[in-house]
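Participant: Below is the structure I would like to discuss, written out as structure tokens.
Number of protein chains: 2
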Amino acid sequence: MDGTGDFDHYPISEQIVGAQLGDRWVSAAWSDGLISRFHHVWLRDNCPCAACVHQGTREQTFELLDIPPDPMPSSAQATGNALVVTWPDGHVSVFHAGWLRAHGYDTPSAASARTLWDASTLAAPPAFDGPAVLADDGALYEWLIALRTYGATLLHHVPCTDSAVGDVASRIGIVRETNFGVLWDVWSEPDPVTNANTSLPLPPHVDLPTREYQPGLQLLHCVENEASGGLSILIDGFRVAAALRERHPEHFATLTTVGWNWANRSKTTDYRWTAPLIVTDHTGEVVEVRAGNWLRAPLVDAPFDQVEAAYAAYRAFFALTYEPEFAVTFRLEPGDLMAFDNRRILHARGAFTDPPGEHRRRHLRGCYTERDELHSRIRMLERARRASAAHANL
Amino acid sequence: MDGTGDFDHYPISEQIVGAQLGDRWVSAAWSDGLISRFHHVWLRDNCPCAACVHQGTREQTFELLDIPPDPMPSSAQATGNALVVTWPDGHVSVFHAGWLRAHGYDTPSAASARTLWDASTLAAPPAFDGPAVLADDGALYEWLIALRTYGATLLHHVPCTDSAVGDVASRIGIVRETNFGVLWDVWSEPDPVTNANTSLPLPPHVDLPTREYQPGLQLLHCVENEASGGLSILIDGFRVAAALRERHPEHFATLTTVGWNWANRSKTTDYRWTAPLIVTDHTGEVVEVRAGNWLRAPLVDAPFDQVEAAYAAYRAFFALTYEPEFAVTFRLEPGDLMAFDNRRILHARGAFTDPPGEHRRRHLRGCYTERDELHSRIRMLERARRASAAHANL
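Heads up: the sequence lines are chains H and Z, in that order. If you count the first sequence from 1, you need to add 564 to reach my numbering. If you count the second sequence from 1, you need to add 564 to reach my numbering.
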């Protein structure tokens with residue numbers, strides 16, 4: 565153990581130069597002048613000692629219910645590289661300065677990692693080189709940061725093979741299997757099981773709004789494109805939600821509180837879910853949009869007297885998605901791969917026409933993974949950088 | 565097409581004996597005296613004709629934005645087996661009586677499919693025969709209904725092989741792979757990567773609270789048990805949440821609005837998520853609990869002035885889980901398989917001791933799948949029953 569509660573690296577950039585024990589918290593003074601307050605119960609809960617955290621797994625064994633409520637330290641001392649807190653029962657908690665600085669919660673954290681966009685601020689999805697992303701962790705990192713920030717990215721020059729989209733996804737993490745399989749095809753078929761596999765236009769949608777958990781990330785790789793038409797459209801659903809919130813707050817309120825019904829139509833599965841079109845989290849932030857005209861089921865879970873309001877709000881949201889203000893349009897060429905946040909970005913395509921007498925000549929190959937995998941990969945790449953830096957400083 | 569918008573079967577139990585066109589809705593009168601109202605926009609949206617629904621996929625091609633808002637029928641007629649609605653542009657929508665009856669939304673739907681329980685109402689998880697569930701769809705259906713209702717079930721006599729838990733899960737649907745793999749082992753190891761794989765007690769928890777999407781279902785199959793101790797405990801987290809809501813509404817409010825931090829500690833992955841301990845949906849219903857003492861990260865995303873309240877509420881919730889009132893305790897024997905809703909049911913185990921000098925003699929094998937898969941399978945089994953009945957009535 566290096567004295568911290570996990571496996572990450574916490575360089576000490578500032579020393580702890582003072583500690584003051586208050587009634588409810590300890591105030592730590594840093595060498596750069598910052599003062600951070602840590603509640604007593606927080607400090608006791610996060611004690612990293614060998615009695616409180618398993619040495620091998622670095623997972624907590626101490627439980628809050630092991631001690632009486634409202635623990636009160638008997639002393640708190642700054643030692644430069646650590647804050648040392650002693651408890652009345654003799655237990656001593658030593659907090660590493662680098663770790664403690666990284667876990668300060670006294671002031672709200674900085675800006676969101678997310679940048680909303682529309683056609684005026686993003687002419688095209690940020691594009692990266694596929695082979696570089698496949699081979700190099702630095703290139704991978706740049707791509708993933710863009711994916712986290714904008715929710716939509718393009719890779720070029722991805723090899724036009726059936727397995728490539730899975731290879732790219734595996735650079736992020738575990739691929740999510742669904743009833744479509746692990747990797748699946750989008751093309752116009754003579755006997756389609758979904759409108760996606762016709763040559764019809766697909767209005768703005770996310771994939772699998774019929775599931776409790778819509779996939780967090782989607783990858784669509786253009787393996788071949790001999791069709792005319794079929795332009796691809798991406799829309800930042802969170803940006804549209806923000807515009808709706810500003811322009812039509814009553815419709816925004818309806819879409820966050822009235823559940824819509826969603827259902828797949830299939831001979832072999834019957835997935836359905838009821839959820840609002842826009843989901844906000846416990847802080848009020850928009851965290852999910854759910855859309856897909858051909859996957860809507862008859863609206864049966866809305867209260868009778870809210871049905872018309874639900875339809876009006878639905879109409880207002882999708883009217884915005886058809887405004888050129890929000891949509892980025894482009895043609896996928898062989899080797900292009902779109903990767904996007906499937907719970908944030910709406911995607912759409914125009915109708916297309918295969919060459920005469922042919923099918924399947926506009927061929928996309930896709931798969932799903934999760935936002936969790938993206939975030940974990942970003943953190944692991946950053947951890948590796950910190951480990952390198954720590955090693956270089958030895 | 566049988567005149568409905570999907571692939572299910574809708575026996576006509578009641579005739580439509582009257583239709584009245586109102587300003588905002590059509591009132592349909594049924595042969596049993598029921599009156600159901602359907603808003604005009606709802607009827608237009610759900611037209612099942614070949615111009616509105618793709619014949620092969622049964623997915624909608626009509627879009628609301630294709631027509632002006634507030635559609636008004638020119639007539640509505642009852643024909644016994646159908647409701648026929650004509651629109652001013654000549655479009656005709658024919659609603660099948662069986663389908664329409666099944667999709668009435670005029671009155672709120674009946675009771676929840678879920679029954680909350682505690683130790684006084686459920687002495688042990690409902691138990692079923694593993695080989696029957698593996699072989700017979702009727703037995704499968706009984707098991708799945710219990711799993712949906714109580715969130716926790718047991719199977720007995722499941723073959724003690726390494727693949728059996730996957731075979732059982734496949735009776736439900738697609739297994740969810742995680743960083744633990746597709747199927748994984750729980751046993752005491754000399755060099756564990758998680759507290760689960762020690763012989764330590766595990767306090768009440770769900771698996772993977774570190775993920776945006778906690779797995780919806782967990783299966784744990786006891787392949788071997790030569791250990792002393794290690795009793796299994798199941799607690800209905802939704803029941804505990806209901807008790808907290810009643811006894812300590814202020815703590816309930818805190819746990820639904822303050823996000824806790826969760827993190828795995830691993831050398832190879834870094835999953836983290838911030839979410840309330842209790843999640844309510846757009847209707848106010850509890851839909852998720854998130855718990856796991858050793859997977860909590862330092863609380864850094866709560867506002868500074870809510871940290872003590874967050875700790876007090878956390879303590880109150882877990883104090884309830886330690887009340888014998890809520891916990892069902894039993895010993896897993898070889899061949900037993902626990903299946904439970906991992907976002908509803910908390911599971912725990914006592915400390916155990918392998919036989920002297922041995923490891924891995926209490927061996928559980930597990931996997932995850934999703935509530936979506938459970939619900940889809942139940943619907944498909946019910947659809948098959950309806951298809952058989954429809955066939956028998958021909």
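Here a beta-carbon is modelled for each residue, glycine too, at the ideal position from N, C-alpha and C. This structure is a prediction, so every number in the text was calculated from the model and none was measured.
With a CB to CB cut of under 7 angstroms and the five nearest residues on each side skipped, what residues in its chain are close to M944/Z?
Facilitator: Numbered from its first residue, the second sequence carries residue 944/Z at position 380. Excluding sequence neighbours, M944/Z sits near nothing in its chain.
Participant: Return the residue from the list A883/Z, V605/Z, R829/Z that minimises the CA-CA distance to P768/Z.
Facilitator: Within the second sequence, residue 768/Z is the residue found at index 204, counting from 1. Of the listed residues, the one whose Cα sits closest to P768/Z is A883/Z.
Participant: Just to make sure I have the definition right: I need the residues of chain H whose C-beta is within less than 9 angstroms of the C-beta of W606/Z. Which are they?
Facilitator: The sequence position of residue 606/Z within the second sequence is 42, counting from 1. Result: P862, L863, V871, E872, Y875.
Participant: Within its chain, find whatever has a CB closer than 6 angstroms to the CB of N743/H; leave out the 5 residues flanking it on each side and keep chain order.
Facilitator: Within the first sequence, residue 743/H is the residue found at index 179, counting from 1. Here the set comprises T833.
Participant: When you compare only the Cα positions, how much space is there between G793/H and F916/H?
Facilitator: If you number the first sequence from 1, residue 793/H lands on position 229. If you number the first sequence from 1, residue 916/H lands on position 352. Their backbone Cα atoms lie some 4 angstroms apart in a straight line.
Participant: Go ahead and label L598/Z buried or exposed: buried means 16 or more other beta carbons lie within 10 angstroms of its beta carbon, across all protein chains shown.
Facilitator: Locating residue 598/Z in the second sequence gives position 34, counting from the first residue. Exposed: under 16 other Cβ atoms inside 10 Å.
Participant: Just by C-beta distance, which residues in the stretch 582-616 of chain H are closer than 8 angstroms to chain Z?
Facilitator: From the stretch 582-616 of chain H, only R588, R601, H603, V605, W606, D609, N610 have a Cβ closer than 8 angstroms to chain Z.
Participant: Please report whether the beta-carbon of L711/H lies at a distance below 8 angstroms from any beta-carbon of chain Z.
Facilitator: Sequence index remark: in the first sequence, residue 711/H carries index 147 (1-based). By this cut-off, L711/H is not an interface position.
Participant: Would you identify the three-state DSSP class for W589/Z, choosing helix, strand or coil?
Facilitator: Along the second sequence, read from residue 1 onward, the residue named residue 589/Z stands at position 25. Three-state result, W589/Z: strand.
Participant: Pick out the complete beta strand (DSSP E) segments inside the stretch 581-662 of chain H, 3 residues or longer, and give them in chain order.
Facilitator: Those beta strand (DSSP E) runs which fall completely within the stretch 581-662 of chain H and span 3+ residues are 589-594, 599-603, 639-642, 646-650, 656-660.
Participant: Got a sec: is the Cβ-Cβ distance from Y878/H to anything in chain Z below 8 angstroms?
Facilitator: The residue given as residue 878/H occupies position 314 in the first sequence. Interface residue, yes.
Participant: Going along chain Z, which residues have a C-beta under 9 angstroms from L859/H?
Facilitator: Numbered from 1 along the first sequence, position 295 holds the residue referred to as residue 859/H. The contacting residues are E623, Q624.
Participant: Chain Z partners of D755/H, CB-CB under 9 angstroms?
Facilitator: On the first sequence, position 191 is the one that residue 755/H refers to. Under the 9 angstroms cutoff, chain Z gives G620.
Participant: If we ignore side chains and look at the alpha-carbon of each, how far apart do I709/H and A688/H end up?
Facilitator: Stepping through the first sequence from its first residue, residue 709/H is reached at position 145. Stepping through the first sequence from its first residue, residue 688/H is reached at position 124. Each residue's Cα considered, the two are about 16 angstroms apart.
Participant: Using the DSSP secondary-structure output, state which residues sit across from I797/Z in a beta bridge.
Facilitator: Stepping through the second sequence from its first residue, residue 797/Z is reached at position 233. I797/Z pairs with T893/Z, A912/Z.
Participant: Decide if the stretch 869-878 of chain H is in contact with the stretch 701-715 of chain H; the criterion is three or more beta carbon pairs, one per stretch, under 8 angstroms apart.
Facilitator: Verdict: no, contact absent.
Participant: Is L938/H buried or exposed, if buried means 16 or more other CB atoms sit within 10 Å of its CB?
Facilitator: By one-based count along the first sequence, residue 938/H stands at place 374. It counts as buried.
Participant: Can you check the stretch 762-815 of chain Z for any beta strand (DSSP E) of at least 3 residues that lies completely inside it and give the ranges in chain order?
Facilitator: The stretch 762-815 of chain Z contains these whole beta strand (DSSP E) runs: 766-769, 781-789, 796-800.
Participant: Please compile the residues from chain H whose C-beta is within a distance smaller than 8 angstroms of the C-beta of D670/Z.
Facilitator: One-based indexing of the second sequence puts residue 670/Z at position 106. Under the 8 angstroms cutoff, chain H gives F868.
Participant: Who are G930/Z's beta bridge partners in DSSP?
Facilitator: To locate residue 930/Z, count along the second sequence from 1; it is residue 366. Paired residue(s): W748/Z, L784/Z.
Participant: Do we get a CB-CB distance below 8 angstroms when we pair E934/Z with the residues of chain H?
Facilitator: Here residue 934/Z is taken as the residue at index 370 of the second sequence, counted from 1. Answer yes: the Cβ-Cβ gap between E934/Z and chain H drops below 8 angstroms somewhere.
Participant: Secondary structure at M565/H, three-state DSSP: helix, strand or coil?
Facilitator: On the first sequence, position 1 is the one that residue 565/H refers to. Residue confidence is low: M565/H scores 43 on pLDDT, short of 50, so the model does not pin down where it sits. Its coordinate-derived value is still stated next. Looking at M565/H - three-state DSSP - the assignment turns out to be coil, as it is neither helix nor strand.
Participant: Less than 8 angstroms separating the beta-carbons of T844/H and G823/H?
Facilitator: For this step, residue 844/H is matched to residue 280 along the first sequence. For this step, residue 823/H is matched to residue 259 along the first sequence. Going by C-beta atoms, T844/H is not nearer than 8 angstroms to G823/H.
Participant: Between the stretch 626-639 of chain Z and chain H, which residues of the former have CB atoms less than 9 angstroms from a CB of the latter, in chain order?
Facilitator: Result list: F626, E627, L628, L629, P633, D634.
Participant: Distance check for L784/H and V851/Z, CA to CA, integer angstroms please.
Facilitator: The sequence position of residue 851/Z within the second sequence is 287, counting from 1. The sequence position of residue 784/H within the first sequence is 220, counting from 1. Going from the Cα of V851/Z to the Cα of L784/H covers about 32 angstroms.
Participant: Can you confirm whether M565/Z, when its beta carbon is compared against all beta carbons of chain H, has any partner nearer than 8 angstroms?
Facilitator: Position 1 of the second sequence, counted from the start, is the residue given in the question as residue 565/Z. For M565/Z, the predicted structure reports a pLDDT of 43, less than 50, and the residue's modelled location is therefore unreliable. The matter cannot be settled from this model.
Participant: Would you mind reading off the limits of the alpha helix (DSSP H) that contains V871/Z?
Facilitator: Residue 871/Z sits at position 307 when you count from the first residue of the second sequence. V871/Z -> alpha helix (DSSP H) spans 871-885.
Participant: Run through chain H and tell me which residues come within less than 7 angstroms of R943/Z, C-beta to C-beta.
Facilitator: Working through the second sequence from its first residue, we reach residue 943/Z at position 379. D834, listed in chain order.
Participant: Go ahead and pull the three-state DSSP assignment for W824/H.
Facilitator: Translated into positions along the first sequence, residue 824/H becomes position 260. Correct three-state label for W824/H: strand.
Participant: Would G856/H be called buried (16 or more neighbouring beta carbons within 10 Å of its own) or exposed?
Facilitator: Counted from its first residue, the first sequence places residue 856/H at position 292. So G856/H ends up on the buried side.
Participant: How long is the line joining the alpha carbons of H618/Z and Q624/Z, rounded to whole angstroms?
Facilitator: Along the second sequence, read from residue 1 onward, the residue named residue 618/Z stands at position 54. Along the second sequence, read from residue 1 onward, the residue named residue 624/Z stands at position 60. One C-alpha to the other measures close to 6 angstroms.
Participant: Hey, could you find the ends of the alpha helix (DSSP H) I709/H is sitting in?
Facilitator: Position 145 of the first sequence, counted from the first residue, corresponds to residue 709/H. Note, I709/H: alpha helix (DSSP H), 701-714.
Participant: G823/Z touches chain H at which residues, Cβ-Cβ below 9 angstroms?
Facilitator: Taking the second sequence and counting its residues from 1, the one referred to as residue 823/Z is at position 259. Ordered by position in chain H, the residues that pass the 9 angstroms Cβ test against G823/Z are D845, H846, T847.
Participant: CB I942/Z to CB G801/Z, shorter than 8 angstroms?
Facilitator: In the second sequence, counting from the first residue as 1, residue 942/Z sits at position 378. In the second sequence, counting from the first residue as 1, residue 801/Z sits at position 237. No, they are not a contact pair.
Participant: Might you give, ordered along the chain, the residues of its own chain that have their beta carbon closer than 6 angstroms to the beta carbon of T847/H, omitting 5 neighbours on each side?
Facilitator: For the purposes of this step, residue 847/H is taken as residue 283 along the first sequence, with counting starting at 1. For T847/H, where only same-chain residues beyond five positions count, there are no Cβ hits under 6 angstroms.
Participant: Give the range of the alpha helix (DSSP H) segment to which E946/Z is assigned.
Facilitator: To locate residue 946/Z, count along the second sequence from 1; it is residue 382. Run containing E946/Z: 935-956, per the alpha helix (DSSP H) assignment.
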